[in-house]
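Working notes, structure below.
2 protein chains.
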Amino acid sequence: MGQQNALHRRVRPGAVTLKHVAERAGVAPITVSRAINTPSSVSASLRAQIEEAVAELGYVPNRVAGMLASAHSRIVPVIVPSLSNAVFIEVIQGVQTVLEAEGYQLLLGNTQYDLDRETELVSTLLGWSPAGIIVAGLRHAERTEALLRGCNRPVVEVMEAGRPIDMNVGLSHLKAGAMMGRHLIERGYRRIGFVGGRLEADYRAMQRYRGLDRALAEAGLARRPPFEHPDSSSPEVGGRELLAVLRQAPELDALFFANDDLAVGALLCAAREGIAVPKRVAIAGFNGFGIGALTSPALTTIVSPRRDIGEIAARKLLARVAGSPAGPARVDVGCRLAVREST
Amino acid sequence: MGQQNALHRRVRPGAVTLKHVAERAGVAPITVSRAINTPSSVSASLRAQIEEAVAELGYVPNRVAGMLASAHSRIVPVIVPSLSNAVFIEVIQGVQTVLEAEGYQLLLGNTQYDLDRETELVSTLLGWSPAGIIVAGLRHAERTEALLRGCNRPVVEVMEAGRPIDMNVGLSHLKAGAMMGRHLIERGYRRIGFVGGRLEADYRAMQRYRGLDRALAEAGLARRPPFEHPDSSSPEVGGRELLAVLRQAPELDALFFANDDLAVGALLCAAREGIAVPKRVAIAGFNGFGIGALTSPALTTIVSPRRDIGEIAARKLLARVAGSPAGPARVDVGCRLAVREST
DNA sequence: AACAATGATGGTTGCGCTACCATGGTCGGG
DNA sequence: CCCGACCATGGTAGCGCAACCATCATTGTT
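Protein chains in written order, with our numbering: chain P, 1 to 343; chain V, 1001 to 1343.
Structure (structure tokens):
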């Protein structure tokens, strides 16, 4: 701090600006601006002249200045609770595909499943005058919600279906959990447990548990609290949990894991330990990661259209920015049960 | 375009600015600026007054304006060739951990292994007046290199060790490939093949192949061109490739896969198809993803410190921004052979 | 032929903030 | 008790660009 170094200088030496290009091309700065932003509004001959000057000088437009002048940026922050979880990566990929095609930039925020961190991020990122904002989840701190509500920009809440601040793209995790619960019951399993990690933070996993619980209740079967572990989900943890749960509750004949990372780990661990799946215990996951289809036995899971969520969210956001119809405020992308060998 | 909608208005209605806070607090705007950016330079009483005004008005500083005024932003673009590959995700995570702790924001760029796309991205992202820039790889288009060289900001090239534009954090993929090659030879394998995807694009994988090739040459063993496939790497592709390669070249007794995604897929496929690993064919990977330790047999691989690469890169970049010593321009983080059951 | 409609170009202004310099007040040493 | 050092605060200017409106040339219309 305080220390005056080269990067904090007011004027970056040698910076080429619009003005320089304009002088070189013999036109007014505004014309250069137009040649860059709305080429169709400049005559072909001038445009060629300007493009030449741009190339010669190596001009790179200062987006920051443009943004300040127009109060409109091509930045879209995406706020997710975690990057370790591949689900969010795929959503981000979907968003990015759409954004980059339209010349927008993705600004990444990671809350680590902390609602206060989320407030902080939203506040900071709104300072970038973003075109809109994409946030994972429908539950936020009060202040976060106030910020999002008052920011006067398109806001898309993704991952779960529900009542959004502005727009929403996701699926019902409750339904997904119930769907898996009914499948397991239909298959003849009667003592079904749920294994998840940090359920107080990952409330979408908790919703899946609730769905399972509801299915169990409907069928008049024994309901159990979920098995939790403190670490973030990974195959390693899944394997460890499988052993721990079977030791603790050997009567269980089916386990619904909160996600495929855990479930695949459990499957591999079972193979290694000689635990017969699904004979001794059935194993199910959630997500539909490709690897689940390759294990032996292959994993029964619920496939969610993760990439689609990102793409749809980005498209709705951009539609609103452009003022074109964005379609319904709420999109339920649904999910699909993939029955394989592990149940 | 052309269409005038709410988001393109010059003045965003109801936007609270520094000035409003200053009026409310009864001080000059510059004092509010200082209270926010360098709180220690404002007396405690004024600071409290200002903080109150900020809270009352719900003021969110406009970073864009600040950036323009100071020609210095807290943005760091990270340009990677792919998000599908978990390696880059972990590097990004490492970068983000460090950046967020210092109040910096990560701007994500994805080249899809396309050098022209990279040039475009670098050009665009430099328009954000970033504090510095992190790019995967040492090979760039000429214009990209010119831009990076001339941008007068810290540039960190990550993933591979070599001669950087500015700074470099990575490892030698050639050495890594040779390390695995020597391991396989030492284990008694004599007919060793390499399986990768899109090697013309993923030249780091190609380097690993070259390392293997060198080890084979040193040992006087038969060298073969790599087996390639056109899709991006995934476990599914790895399984398919295992079968295809064994059909095409049944004499092979060991396969070095370009990465763990492929190798794990091959391992799972082998288990399913009853191909004995390592008896019929040994399988090795590269990366050291956790799941490789869980398969049966467990995967022999080379563990690269991916997260460290991101963290070190971000720290070096921030050190340079702050003007403090950033350490050596080149950091070779090395890698480690993890010998497990699959070889 | 006169005029409106359209399109291309330029001048001026200000986005919100911070660098820079100036000012005035407080304090300790001589 | 005065002077210079130092700190807290304020005034001014300008970062680079695009919105807005004005101007001028061109075209089509009656």
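Ideal placement from N, C-alpha and C gives every residue a C-beta, glycine not left out.
Which residues in chain V sit within 9 Å of G127 of chain P, going by Cβ to Cβ distance?
Numbered from 1 along the first sequence, position 127 holds the residue referred to as residue 127 of chain P. Simply V1060, P1061, N1062, R1063, V1064, G1066.
Return the CA-CA distance between A1244 of chain V and V1195 of chain V, expressed in angstroms with no decimal places.
Residue 1244 of chain V sits at position 244 when you count from the first residue of the second sequence. Residue 1195 of chain V sits at position 195 when you count from the first residue of the second sequence. A1244 of chain V and V1195 of chain V: Cα-Cα distance of roughly 11 Å.
Please determine if the segment 1185–1192 of chain V and the segment 1212–1225 of chain V are in contact, where contact requires at least 3 C-beta pairs separated by less than 8 Å.
yes
So, helix, strand or coil for V156 of chain P, using DSSP?
Residue numbering aside, residue 156 of chain P sits at position 156 when the first sequence is read from its first letter. Residue state, collapsed to three classes: strand.
Measure the C-alpha to C-alpha separation of R1336 of chain V and M1180 of chain V and round it to an integer number of angstroms.
Walking along the second sequence from the start, residue 1336 of chain V turns up at place 336. Walking along the second sequence from the start, residue 1180 of chain V turns up at place 180. Distance between the alpha carbons of R1336 of chain V and M1180 of chain V is about 10 Å.
Cβ closer than 9 Å: which chain V residues qualify as neighbours of E236 of chain P?
In the first sequence, counting from the first residue as 1, residue 236 of chain P sits at position 236. In chain order: G1290, I1291, A1293, L1294.
List, in order along the chain, the chain P residues whose C-beta lies closer than 8 Å to that of S1123 of chain V?
By 1-based counting over the second sequence, the position of residue 1123 of chain V is 123. Neighbours of S1123 of chain V on chain P, chain order: V60.
Determine, using beta carbons only, whether L57 of chain P and V16 of chain P come nearer to each other than 8 Å.
Taking the first residue of the first sequence as position 1, residue 57 of chain P is located at position 57. Taking the first residue of the first sequence as position 1, residue 16 of chain P is located at position 16. Yes; because the gap between Cβ atoms is below 8 Å, this pair is in contact.
Could you check whether L262 of chain P and T295 of chain P sit closer than 8 Å to each other, using their CB atoms as the reference points?
Here residue 295 of chain P refers to the residue found at position 295 when the first sequence is read from its first residue. Here residue 262 of chain P refers to the residue found at position 262 when the first sequence is read from its first residue. Against a cut-off of 8 Å, the Cβ pair of L262 of chain P and T295 of chain P comes out as no contact.
Going by other Cβ atoms of all chains shown within 10 Å of its Cβ, with 16 needed for buried, is R63 of chain P buried or exposed?
Within the first sequence, residue 63 of chain P is the residue found at index 63, counting from 1. With 16 or more other Cβ atoms from the protein chains shown falling within 10 Å of its own Cβ, R63 of chain P counts as buried.
In chain order, which continuous runs of the alpha helix (DSSP H) of length 4 or greater are located wholly inside the segment 1036–1076 of chain V?
1044–1057, 1063–1070
Where DSSP assigns a beta bridge to T1300 of chain V, which residues make up the other side?
To locate residue 1300 of chain V, count along the second sequence from 1; it is residue 300. Paired residues: V:A1284.
Sorted by chain position, which residues of the same chain lie with C-beta nearer than 7 Å to M67 of chain P's C-beta, five sequence neighbours on each side aside?
Within the first sequence, numbered from 1, the residue matching residue 67 of chain P stands at position 67. So the qualifying residues of the chain are S73, S129.
Between the segment 1145–1160 of chain V and the segment 82–98 of chain P, are three or more C-beta pairs nearer than 8 Å?
no
With DSSP as the reference, identify every bridge partner of G1109 of chain V, one or two as the case may be.
If you number the second sequence from 1, residue 1109 of chain V lands on position 109. Partner residues in the beta bridge of G1109 of chain V, as assigned by DSSP, are V:I1079.
Between the C-alpha atoms of P1039 of chain V and E1228 of chain V, what's the straight-line distance to the nearest angstrom?
As a first step, residue 1039 of chain V is located in the second sequence; it is residue number 39 there, counting from the start. As a first step, residue 1228 of chain V is located in the second sequence; it is residue number 228 there, counting from the start. Approximately 58 Å between the Cα atoms of the pair.
Where does R1190 of chain V sit, in a helix, a strand or coil, going by DSSP?
Looking up residue 1190 of chain V in the second sequence gives position 190. DSSP places R1190 of chain V in coil when its eight states are reduced to three.
So, under 8 Å CB-CB, P278 of chain P and T343 of chain P are touching, yes? Tell me the CB distance rounded to an integer number of Å.
Within the first sequence, residue 278 of chain P is the residue found at index 278, counting from 1. Within the first sequence, residue 343 of chain P is the residue found at index 343, counting from 1. About 5 Å separates the two Cβ atoms, so the contact holds.
Assuming G1170 of chain V is part of the beta strand (DSSP E), what are its boundary residues?
Position 170 of the second sequence, counting from 1, holds the residue named residue 1170 of chain V. Membership of G1170 of chain V in the beta strand (DSSP E) is indicated by the continuous run 1167–1171.
Bridge partners of I89 of chain P, per DSSP?
Translated into positions along the first sequence, residue 89 of chain P becomes position 89. Answer by DSSP bridge pairing: none, since I89 of chain P is not bridged.
Among residues of its own chain, excluding the 5 on either side of L1171 of chain V, which ones have a beta-carbon nearer than 7 Å to its beta-carbon?
Within the second sequence, numbered from 1, the residue matching residue 1171 of chain V stands at position 171. Result list for L1171 of chain V: E1160, A1161, S1304, D1332, V1333, G1334, C1335, in chain order.
Less than 8 Å between the CB atoms is what I'm expecting for A282 of chain P and F257 of chain P, so what's the real figure, rounded?
The residue labelled residue 282 of chain P in the question sits at position 282 within the first sequence. The residue labelled residue 257 of chain P in the question sits at position 257 within the first sequence. So it is not a contact: roughly 11 Å between Cβ atoms.
Assign G1247 of chain V to one of two classes, buried (16 or more other C-beta atoms within 10 Å of its C-beta) or exposed (fewer than that).
As a working mapping, residue 1247 of chain V is identified with position 247 in the second sequence. Note on residue identity: the sequence assigns Arg, not Gly, to residue 1247 of chain V. Flag for R1247 of chain V reads exposed.
Go ahead and pull the three-state DSSP assignment for R1348 of chain V.
Given a span of 1001 to 1343 for chain V in the structure shown, any question on residue 1348 of chain V remains unanswerable.
Could you name the residues of the same chain whose beta carbon sits closer than 6 Å to that of M167 of chain P, not counting the 5 residues immediately before and after it, in chain order?
Position 167 of the first sequence, counted from the start, is the residue given in the question as residue 167 of chain P. V156, K316, A329, listed in sequence order.
What is the DSSP secondary structure of H229 of chain P, reduced to helix, strand or coil?
If you number the first sequence from 1, residue 229 of chain P lands on position 229. Three-state result, H229 of chain P: strand.
Closest to P226 of chain P by C-alpha separation, out of P:A326, P:V91, P:R210, would be which residue?
The count along the first sequence starts at 1 and reaches residue 226 of chain P at position 226. Considering only alpha carbons, the answer is P:R210.
Under a three-way DSSP split, which group does I1291 of chain V fall into?
Taking the second sequence and counting its residues from 1, the one referred to as residue 1291 of chain V is at position 291. Looking at I1291 of chain V - three-state DSSP - the assignment turns out to be helix.
Does the beta carbon of L1262 of chain V sit closer than 8 Å to a beta carbon anywhere in chain P?
Indexing the second sequence from 1 puts residue 1262 of chain V at position 262. Output row for L1262 of chain V: interface = no.
Let's see if you can read the secondary structure: which residues bound the beta strand (DSSP E) around L255 of chain P?
Taking the first sequence and counting its residues from 1, one reaches residue 255 of chain P at position 255. Taken as a continuous stretch (DSSP letters only), the beta strand (DSSP E) holding L255 of chain P covers 254–257.
Comparing the C-beta of I92 of chain P with each C-beta of chain V, is any distance below 8 Å?
Here residue 92 of chain P is taken as the residue at index 92 of the first sequence, counted from 1. Cβ-Cβ to chain V under 8 Å: yes for I92 of chain P.
Return the Cβ separation of P1077 of chain V and L1107 of chain V in integer angstroms, given the expectation that the two are a contact with Cβ distance under 8 Å.
Translated into positions along the second sequence, residue 1077 of chain V becomes position 77. Translated into positions along the second sequence, residue 1107 of chain V becomes position 107. Confirmed, Cβ separation roughly 4 Å.
Please report the distance separating the alpha-carbon of R1240 of chain V from that of V264 of chain P.
Here residue 1240 of chain V refers to the residue found at position 240 when the second sequence is read from its first residue. Here residue 264 of chain P refers to the residue found at position 264 when the first sequence is read from its first residue. Cα to Cα, R1240 of chain V sits roughly 20 Å from V264 of chain P.
Rank V:Q1112, V:N1110, V:T1097, V:E1120 by C-alpha distance to the C-alpha of N110 of chain P and give the top, closest one.
In the first sequence, the residue the question calls residue 110 of chain P occupies position 110. Nearest C-alpha to N110 of chain P: V:T1097.
I'd like the list of long-range same chain contacts for D1308 of chain V, defined as Cβ closer than 8 Å, with 5 residues on each side in sequence excluded.
Here residue 1308 of chain V refers to the residue found at position 308 when the second sequence is read from its first residue. The residues are G1094, V1333.
Between L1317 of chain V and chain P, is the shortest Cβ-Cβ distance under 8 Å, so that the two count as touching?
Within the second sequence, residue 1317 of chain V is the residue found at index 317, counting from 1. For L1317 of chain V, no CB of chain P lies under 8 Å from its own CB, so it is not counted at the interface with that chain.
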